[in-house]
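Residue numbers (UniProt numbering), protein chains in the order written: chain A, 1 to 503; chain B, 1 to 95.
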Amino acid sequence: MLDLTYKAPKPKVIAGMRDDWELVIGMEIHAQISSEAKLFSGASTKFGNEPNSNVAFVDAAMPGMLPVINEYCIEQAVRTGLGLKAEINLFSAFDRKNYFYPDLPQGYQISQLYHPIVGEGEVLVELEEGVARNVRIERIHMEQDAGKSIHDMDPTMSFVDLNRTGVALMEIVSRPDIRSPEEAAAFVGKLRQILRYLDTCDGNMQNGNMRADVNVSVCKPGQYEKFAETGDFGHLGTRCEIKNMNSMRFIQAAIMVEANRQIAIIEDGGKIDQETRLYDPDKNETRSMRSKEEAHDYRYFPCPDLLPLEIEQGWVDDIAATLPELPDAKKTRFMGDFGLSDYDASVLTAEVENADFFEEVAKAGDGKLAANWVINELFGRLKKDDKTIQDSPVNPGQLGGIIALIKKGDISGKIAKDLFEIVYTEGGDPAEIVEARGMKQVTDTGAIEAAVDEIIAANPAQVEKAQANPKLAGWFVGQVMKATGGKANPAVVNQLVSKKLAL
Amino acid sequence: MSIDKDTAARVAKLARIKVEDDALPALAQEFNAILGFIEELNEVDVEGVEPMTSVTPQRLKRRVDGVTDGNQQEAVLKNAPDAREGFFAVPKVVE
Numbered sequence: 001m002l003d004l005t006y007k008a009p010k011p012k013v014i015a016g017m018r019d020d021w022e023l024v025i026g027m028e029i030h031a032q033i034s035s036e037a038k039l040f041s042g043a044s045t046k047f048g049n050e051p052n053s054n055v056a057f058v059d060a061a062m063p064g065m066l067p068v069i070n071e072y073c074i075e076q077a078v079r080t081g082l083g084l085k086a087e088i089n090l091f092s093a094f095d096r097k098n099y100f101y102p103d104l105p106q107g108y109q110i111s112q113l114y115h116p117i118v119g120e121g122e123v124l125v126e127l128e129e130g131v132a133r134n135v136r137i138e139r140i141h142m143e144q145d146a147g148k149s150i151h152d153m154d155p156t157m158s159f160v161d162l163n164r165t166g167v168a169l170m171e172i173v174s175r176p177d178i179r180s181p182e183e184a185a186a187f188v189g190k191l192r193q194i195l196r197y198l199d200t201c202d203g204n205m206q207n208g209n210m211r212a213d214v215n216v217s218v219c220k221p222g223q224y225e226k227f228a229e230t231g232d233f234g235h236l237g238t239r240c241e242i243k244n245m246n247s248m249r250f251i252q253a254a255i256m257v258e259a260n261r262q263i264a265i266i267e268d269g270g271k272i273d274q275e276t277r278l279y280d281p282d283k284n285e286t287r288s289m290r291s292k293e294e295a296h297d298y299r300y301f302p303c304p305d306l307l308p309l310e311i312e313q314g315w316v317d318d319i320a321a322t323l324p325e326l327p328d329a330k331k332t333r334f335m336g337d338f339g340l341s342d343y344d345a346s347v348l349t350a351e352v353e354n355a356d357f358f359e360e361v362a363k364a365g366d367g368k369l370a371a372n373w374v375i376n377e378l379f380g381r382l383k384k385d386d387k388t389i390q391d392s393p394v395n396p397g398q399l400g401g402i403i404a405l406i407k408k409g410d411i412s413g414k415i416a417k418d419l420f421e422i423v424y425t426e427g428g429d430p431a432e433i434v435e436a437r438g439m440k441q442v443t444d445t446g447a448i449e450a451a452v453d454e455i456i457a458a459n460p461a462q463v464e465k466a467q468a469n470p471k472l473a474g475w476f477v478g479q480v481m482k483a484t485g486g487k488a489n490p491a492v493v494n495q496l497v498s499k500k501l502a503l
Numbered sequence: 001m002s003i004d005k006d007t008a009a010r011v012a013k014l015a016r017i018k019v020e021d022d023a024l025p026a027l028a029q030e031f032n033a034i035l036g037f038i039e040e041l042n043e044v045d046v047e048g049v050e051p052m053t054s055v056t057p058q059r060l061k062r063r064v065d066g067v068t069d070g071n072q073q074e075a076v077l078k079n080a081p082d083a084r085e086g087f088f089a090v091p092k093v094v095e
């Protein structure tokens with residue numbers, strides 16, 4: 001396997017009115033665990049159902065109802081921890097985080113503050129070829145999601161749907177290792193990719209299945225290094241937390257406006273209040289969530305309804321044994337085994353479905369050619385139709401078939417593109433289509449020679465010109481290709497034309 | 001630790017329980033009595049003793065991941081003071 005070494009990226013420097021400033025960013029990602037049923041009830045997690053239909057009495061916090069944990073959700077959290085090379089805690093426990101909101105009928109969220117199921121791990125975030133940030137993960141804990149409030153259906157009322165209430169979430173907490181908006185977005189992207197490979201979260205940000213809270217502070221250059229050395233947060237600025245963002249673009253924009261807001265306050269002689277803020281994409285500003293501040297006293301205490309969660313090392317080992325190949329490993333393998341470039345390997349491994357498709361196509365025997373065809377022809381064509389690989393009309397066997405025909409010299413690259421279009425729109429077996437429609441490349445020298453002779457004989461004036469200026473021989477090649485319907489092997493034509501014209 | 005009137009008011013507010021101003025001193029008093037009792041427990045030496053989480057040795061009960069509940073919108077909404085079009089309807093709360 002290739003051993004890739006990376007250089008750390010430079011932190012983003014923002015010029016204030018007086019000084020230069022650097023960014024320090026830590027993130028909390030809420031990822032919905034992929035499961036059929038909720039964390040503590042047997043109600044469905046399906047998105048988009050009739051309001052309040054995916055609700056068990058536990059979820060609605062009816063009196064006397066008790067939570068019973070979904071074993072698969074535990075497994076998924078452990079799997080995620082293993083995928084992030086994290087330490088798995090065989091002992092973890094649940095706590096109540098108390099606050100009032102209409103979409104939280106219990107009046108508390110069951111979470112894991114004191115004993116999370118997963119400890120320290122890491123995520124390698126590549127920014128460009130050879131440049132990557134190793135973002136350390138502090139912890140991952142399981143918790144319940146809240147319901148959904150809809151504010152625009154009635155002028156005086158809010159409408160509450162508890163379908164999402166109690167769905168299992170993983171909160172993945174990073175260390176303040178992120179130093180620019182681009183790194184923050186890339187971190188979310190990489191995490192999403194890993195979770196999708198692991199099949200522990202579908203990563204659908206639009207539906208809110210992955211959301212980010214971003215902690216932002218600014219400091220003078222040099223301060224971060226002091227913090228890194230001592231672990232003393234006193235070297236850093238006061239942070240603000242921007243809540244609940246579900247778009248990479250907004251995450252980056254929010255970090256920049258928040259950093260600029262903080263810099264302006266500090267340079268003006270003011271001081272930053274540690275608080276929770278909300279990003280408004282319409283106005284491109286962040287504003288304080290005062291209501292949240294008041295409720296910030298969560299009065300955590302161990303949840304008396306649930307015993308501590310104890311799991312066995314053997315079970316963790318079983319899960320580890322079924323872990324799929326992860327993006328970094330797959331990418332290095334693609335580069336090593338198929339000789340792909342860093343860029344091509346990244347593109348092909350971005351989504352596991354694409355990587356699997358490519359590997360099937362590569363069975364035709366030429367990894368590089370397969371990569372070219374998948375990335376340029378297939379992805380290009382799918383994009384044009386707004387399709388994903390899952391609904392590709394061309395299957396890997398068919399694309400592999402086209403590539404095998406090119407490799408065998410049966411068809412030229414140009415004909416292959418026509419063939420691809422036929423297979424894409426009409427379906428069918430590439431080899432049979434080539435045979436049935438007479439698309440086979442003519443490599444039979446005799447047939448090509450006859451065509452060359454014919455054209456030379458019919459164009460004495462051109463012959464004279466070409467003999468005076470060999471560059472004009474290309475005209476003959478073009479005529480021969482035309483005469484043979486593009487099926488002549490271009491290399492053979494070239495060779496014969498030169499020979500016949502005695503160039 | 002001693003609970004004063006302001007702390008009692010804050011605890012009441014966090015719990016969304018309405019307590020009239022003149023009832024606060026008595027409430028603070030009650031809190032202090034409870035905390036005093038806990039203080040007494042603090043005198044017991046529990047060095048090296050694992051917290052007891054259950055009277056009988058039990059493992060946390062697990063359920064399998066299957067949909068076994070739900071599809072009871074009417075029952076879920078039955079006790080709600082107000083419900084419309086399948087939703088709980090509550091006084092407007094906007095951030």
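Note that beta-carbon positions come from the ideal geometry of N, C-alpha and C, so glycine has one too.
From the beta-carbon of A:D305, no residue of chain B is found nearer than 8 Å; the closest lies around 11 Å away. DSSP, read as helix, strand or coil, puts A:R96 in strand. Rounded to the nearest whole angstrom, the CA to CA distance from B:P81 to A:Q144 is 25 Å.
For B:L35, the uninterrupted alpha helix (DSSP H) segment begins and ends at 24-42. Interface residue (Cβ-Cβ distance to chain B less than 7 Å): A:E353 is not classified as such. For A:C73, the enclosing alpha helix (DSSP H) starts and ends at 71-83. Using beta-carbon distances, A:E71 counts as an interface residue toward chain B, with a partner under 7 Å.
According to DSSP, A:W21 shares a beta bridge with A:I14.
Interface residue (Cβ-Cβ distance to chain B less than 7 Å): A:A37 is classified as such. Assignment of alpha helix (DSSP H) within the UniProt domain "Asn/Gln amidotransferase" (356-501) of chain A, counting only whole runs of 4 or more residues, yields 367-372, 379-384, 396-408, 413-426, 430-436, 445-458, 460-468, 473-483, 490-500 in chain order. Our two residues, A:F338 and A:T332, have alpha carbons roughly 10 Å apart in a direct line. A check of alpha carbon separations from A:A254 across A:K38, A:G16, A:N215, A:A371 identifies A:N215 as the nearest. Counting only Cβ-Cβ distances below 9 Å, A:E285 has no contacts in chain B at all, with the closest Cβ about 14 Å away. Closest in alpha carbon position to A:R277, among A:A212, A:G234, A:E75, is A:A212. Taking a beta-carbon distance threshold of 7 Å, A:M157 counts as an interface residue toward chain B. Going by DSSP, A:S346 is part of the alpha helix (DSSP H) stretching over 342-349.
For A:F358, the number of other beta carbons within 10 angstroms of its own is at least 16, and it is reported as buried. At least 7 Å separates the CB of A:S111 from every CB of chain B. Bounds of the beta strand (DSSP E) holding A:F159 are 157-161. Sequence-distant Cβ neighbours of A:K7 in its own chain, meaning closer than 7 Å and more than five residues away, are G130, V131. Taken through DSSP and simplified to helix, strand or coil, A:I140 comes out as strand. Within the segment 30-63 of chain B, T53, S54, Q58, R59, L60, K61, R62, R63 place their CB atoms closer than 8 Å to a CB of chain A, listed in sequence order.
Excluding five sequence positions before and after A:A466, the CB atoms of its chain that fall closer than 8 Å to its own CB belong to L472, A473, W475, F476, L501, L503, given in chain order. Within chain B, L14, A15, R16 have C-beta atoms less than 9 Å from the C-beta of A:F100, given in sequence order. Three or more pairs of CB atoms, one per stretch, sit closer than 8 Å, so the segment 41-59 of chain A contacts the segment 60-77 of chain B. Residue state for A:T165 is assigned as coil, using DSSP reduced to three classes.
In the three-state scheme derived from DSSP, where H, G and I count as helix and E and B as strand, B:R84 is classed as strand. By a beta-carbon distance limit of 8 Å, A:L191 contacts A:I29. Their separation comes to about 6 Å. Here B:N79 is exposed, its C-beta having fewer than 16 other C-beta atoms within 10 Å.
A straight-line Cα-Cα distance of about 36 Å links A:R287 and A:V78.
The beta carbon of A:Q223 lies closer than 7 Å to those of H235, L236 in the same chain, with the five residues before and after it left out. Under a criterion of Cβ atoms nearer than 7 Å, the residues of chain B adjacent to A:P51 are, in order, G86, F87.
Of all residues in the segment 305-320 of chain A, only L306, L307, P308, L309, E310 come within less than 8 Å of chain B when Cβ atoms are compared, listed by chain position. Rounded to whole angstroms, A:P11 and A:A321 show a C-alpha spacing of 38 Å. Here the C-alpha atom of A:K482 lies approximately 26 Å from the C-alpha atom of A:L369. Contact check for A:V442 against A:A488 passes: the beta carbons are separated by less than 7 Å.
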